[in-house]
Amino acid sequence: MLSRRAFLAGSSALTIAGTHIEVRAQGGGGVRRSVRSMGANDADLAAYSRAVAAMKALPASDPRNWNRFAAIHASFCPHGNWYFLPWHRAYLVSLERICRDLSGKADFALPYWDWSLDRQIPAAFAAGTPQTNPLNNRRPGSLAITDDMTGPGAMSRIMNSPDFEAFGSTRPRGQTDTNARWQRRVGAKTELEFNPHDGVHQAVGGDMGQVATSARDPIFYLHHANIDRLWSAWNVRGNENSAEAMWRNFAFNRNFPQWDVAVSDLQSPSQLGYQYDNERGPFAADVNIDAVVEETARARSMVSHLQAYRRFDTDTLPRAMRGAQRIALAGGGAWHIACAENGETASRERPVNIPVSFGRPIGDVIKADALASARLYTEGSAERQCVWAVLRDIEPPKDPRTRVRVFINRDGLSPTTRMDDPHYVTSLSFFGAEHMNHAMPSSPHDHHGMAAPTMAASTPVMGGAASIDLTAALARLSGSRHFRNDKLVVQLQPTCPGGDTAGSAMRARRVEVAVI
Ligand code: C2O
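So, in structure tokens, the structure goes:
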């Protein structure tokens with residue numbers, strides 16, 4: 018077990034049979050490469066296939082058994098909060114170590130699946146059948162990875178996230194300390210998680226469509242390697258991870274085989290001894306990495322406003338507000354928040370309009386010239402603003418393939434309104450809704466059984482939440498009549514690829530709009 022001193026010293030170690038081993042050795046110096054660049058006989062791909070076959074053949078009593086390793090995910094994975102990225106990073110490192118042992122390839126590194134470029138299951142994972150190919154898995158139907166899920170617009174919004182909680186999902190609502198019970202409590206998903214992460218899970222479907230089974234599909238780990246790469250790429254652009262002690266000092270104890278690790282030990286690939294072949298893109302046409310790194314300082318004051326917003330407990334606001342509330346900062350400056358309750362259900366036939374009243378023209382609070390520019394947070398006037406809508410207490414659609422399109426202030430919204438409409442914001446998928454707020458297993462080793470464990474919900478179930486960046490859409494509308502409106506109207510338009518209108522029905526009980 019990792020000692021307290023090792024945590025404090027910021028060094029990393031793991032224990033195998035009582036011997037401390039540097040985590041550098043655990044990384045093995047591997048370079049994670051894109052699966053698209055790999056030929057059918059690629060050495061890492063072949064090693065992965067051998068290792069997966071070996072893990073599947075191990076008895077259930079062995080912690081390296083495939084389904085048993087997958088059950089770790091079912092039992093411990095945080096979704097919808099700021100532990101999502103570091104936990105899954107550790108999980109991949111843990112798998113890589115097993116694969117090195119079982120494949121005999123000492124520098125094995127996981128491939129990643131860049132679904133921005135390749136919208137099909139990589140050929141090596143689709144060949145043959147689950148019986149003949151260890152990398153195959155039961156997966157229904159054809160993939161529906163769409164541009165709104167992994168294309169340049171989504172990648173641009175993700176890579177332009179102004180702080181860690183905008184990039185990697187927000188802290189659990191009401192979190193006060195680093196007790197392990199917060200690991201799976203609900204914060205809010207942000208674009209990386211609710212769009213490409215959740216979307217690709219649902220598009221692949223089958224085992225991948227459920228938290229309890231997703232890690233049984235060998236493609237799971239390549240999907241997460243790409244998520245992990247995007248995190249590293251966001252850092253490479255000069256963006257810093259959260260400095261909050263509640264995040265950094267949080268420990269994942271007895272989650273992974275023989276490895277206890279804290280978030281502070283999971284800050285970068287280099288800290289763990291691996292790297293990516295490409296962390297620079299191309300992610301989106303309008304992202305120029307070097308320019309952004311240079312100018313990040315211009316966004317600093319907005320980041321300090323964001324920090325105040327992150328710590329603000331929105332449960333202290335009245336349930337019904339007539340207008341936006343001004344929240345003054347101790348060090349000068351202020352930000353605003355407005356919210357609305359919603360009882361209406363959205364479905365494909367009936368999009369829902371949720372008017373959030375500011376009590377005065379929204380242009381009095383949202384400054385058009387602080388938003389305008391493609392490079393939202395780094396160019397333009399000295400004054401920067403960003404605007405977030407948080408959908409809370411979401412009752413997700415029954416049909417998991419449902420995507421919900423988000424628009425603002427669009428008259429006559431319908432299922433045929435195009436996503437290149439200036440009022441379009443983004444689209445959401447819903448992965449893991451069935452797992453929301455599940456408690457951790459009562460004994461840390463419950464997950465060592467074959468079956469996905471049943472977990473008691475020891476806390477009242479809160480619905481999921483999504484924190485959506487409205488900045489780019491508002492920048493497109495700036496100067497228009499919409500800025501003279503006293504309401505910002507958040508609109509939800511479900512779509513249902515399965516054609517099942519009833520299955521697309523969903524609800525968000527509360528919407529908060531924060532102008533930072
Ligand atoms: Cu913990 Cu992609 O899932």
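In this text, residue positions in the sequence shown follow this note's numbering: the first is 18, and each later residue adds one.
From the three backbone atoms N, C-alpha and C, an ideal C-beta is built for every residue, glycine too.
1. Using a Cβ-based criterion (distance less than 7 Å to any ligand heavy atom), does residue 228 qualify as near the ligand C2O?
2. If we require 3 or more residues per run, which beta strand (DSSP E) segments fall completely within the segment 222-288?
3. Grab me the residues of residue 69's own chain with a C-beta within less than 7 Å of its C-beta, minus the 5 sequence neighbours each way, in chain order.
4. What span of residues does the alpha helix (DSSP H) with residue 140 cover, start to end?
5. Determine the extent of the beta strand (DSSP E) in which residue 384 is found, giving its start and end residues.
6. Find out if the Cβ-Cβ distance for the pair residue 237, residue 111 is shorter than 8 Å.
7. Would you give the residue range spanned by the beta strand (DSSP E) that residue 370 belongs to?
8. Could you tell me which of 333, 221, 338, 521 sits nearest to residue 421, measuring between CA atoms?
9. Just to confirm, is the Cβ distance from residue 503 to residue 403 under 8 Å?
10. For residue 139 versus residue 52, is the C-beta spacing smaller than 8 Å?
11. Of all the options 357, 333, 348, 429, which has the alpha carbon lying nearest to the alpha carbon of residue 367?
12. With a 10 Å radius around its C-beta and 16 neighbouring C-beta atoms as the bar for buried, classify residue 137 as buried or exposed.
13. If we count the other Cβ atoms within 10 Å of its Cβ and call it buried at 16 or more, is residue 164 buried or exposed?
14. Would you kindly report the start and end of the unbroken alpha helix (DSSP H) that includes residue 99?
15. Of all the options 260, 447, 243, 426, which has the alpha carbon lying nearest to the alpha carbon of residue 438?
16. What do you get for residue 416, buried or exposed, if any count of 16 or more other CB atoms within 10 angstroms of its CB means buried?
17. DSSP on residue 473, reduced to helix/strand/coil?
18. I need the straight-line Cα distance from residue 9 to residue 488, nearest angstrom please.
19. If you drop the 5 nearest sequence neighbours on each side, which residues of the same chain put their C-beta closer than 8 Å to that of residue 97?
20. Going straight from the alpha carbon of residue 533 to that of residue 326, what length do you get?
21. Span of the alpha helix (DSSP H) holding residue 179?
22. Are the CB atoms of residue 296 and residue 246 within a distance shorter than 8 Å?
23. How do the segment 159-179 and the segment 212-228 stand: do at least 3 beta-carbon pairs fall below 8 Å, yes or no?
24. Where does residue 503 fall in DSSP's three states?
25. Less than 7 Å separating the Cβ of residue 214 from some heavy atom of the ligand C2O?
26. Is the beta carbon of residue 369 sitting closer than 8 Å to the one on residue 355?
27. How should residue 243 be labelled, buried or exposed, when 16 other C-beta atoms within 10 angstroms of its C-beta is the threshold for buried?
28. For residue 345, collect the residues of the same chain with a Cβ closer than 8 Å to its Cβ; drop the 5 residues on either side in sequence, then sort them by chain order.
29. Please list the terminal residues of the continuous alpha helix (DSSP H) segment that includes residue 65.
30. Return the first residue and the last residue of the beta strand (DSSP E) that residue 190 is part of.
31. Quick one: does the C-beta of residue 105 sit closer than 7 Å to a heavy atom of the ligand C2O?
32. So, with DSSP's three-state summary, where would you put residue 366?
33. Tell me whether residue 231, by its Cβ, gets closer than 7 Å to a heavy atom of the ligand C2O.
34. Beta carbon of residue 322: closer than 7 Å to some heavy atom of the ligand C2O?
35. Bridge partners of residue 485, per DSSP?
36. Shortest alpha-carbon distance to residue 127 belongs to which of 88, 172, 223, 239?
On the basis of the data shown:
1. yes
2. 268-273, 276-279
3. Take residue 69, set aside five residues on each side of it, and the residues of its chain with a beta-carbon closer than 7 Å to its own are 83, 151, 152, 235, in chain order.
4. Per DSSP, residue 140 is one residue of the alpha helix (DSSP H) stretching across 140-143.
5. No beta strand (DSSP E) holds residue 384; DSSP gives it neither H nor E.
6. no
7. 369-374
8. 521
9. no
10. yes
11. A check of alpha carbon separations from residue 367 across 357, 333, 348, 429 identifies 429 as the nearest.
12. exposed
13. exposed
14. Residue 99 -> no alpha helix (DSSP H), and no H or E assigned at all.
15. 426
16. buried
17. Here the model assigns residue 473 a pLDDT of 38, short of 50, so the residue's position is not dependable, and the following value carries that caveat. Residue 473: coil per DSSP, three-state reduction.
18. The requested residue 9 is not part of the displayed model; the chain covers only 18 to 533.
19. Contacts found: 186, 203, 204, 205, 206, 210, 449, 453, 481, 482.
20. 8 Å
21. Looking at the DSSP string, residue 179 is not in any alpha helix (DSSP H), and its letter there is neither H nor E.
22. For residue 246 and residue 296, yes; Cβs fall inside 8 Å.
23. yes
24. coil
25. yes
26. Cβ atoms of residue 369 and residue 355: not closer than 8 Å.
27. buried
28. 351
29. 60-74
30. Per DSSP, residue 190 lies in no beta strand (DSSP E) segment and is marked neither H nor E.
31. yes
32. coil
33. yes
34. Answer for residue 322: no, Cβ out of range of the ligand C2O.
35. 406
36. 239
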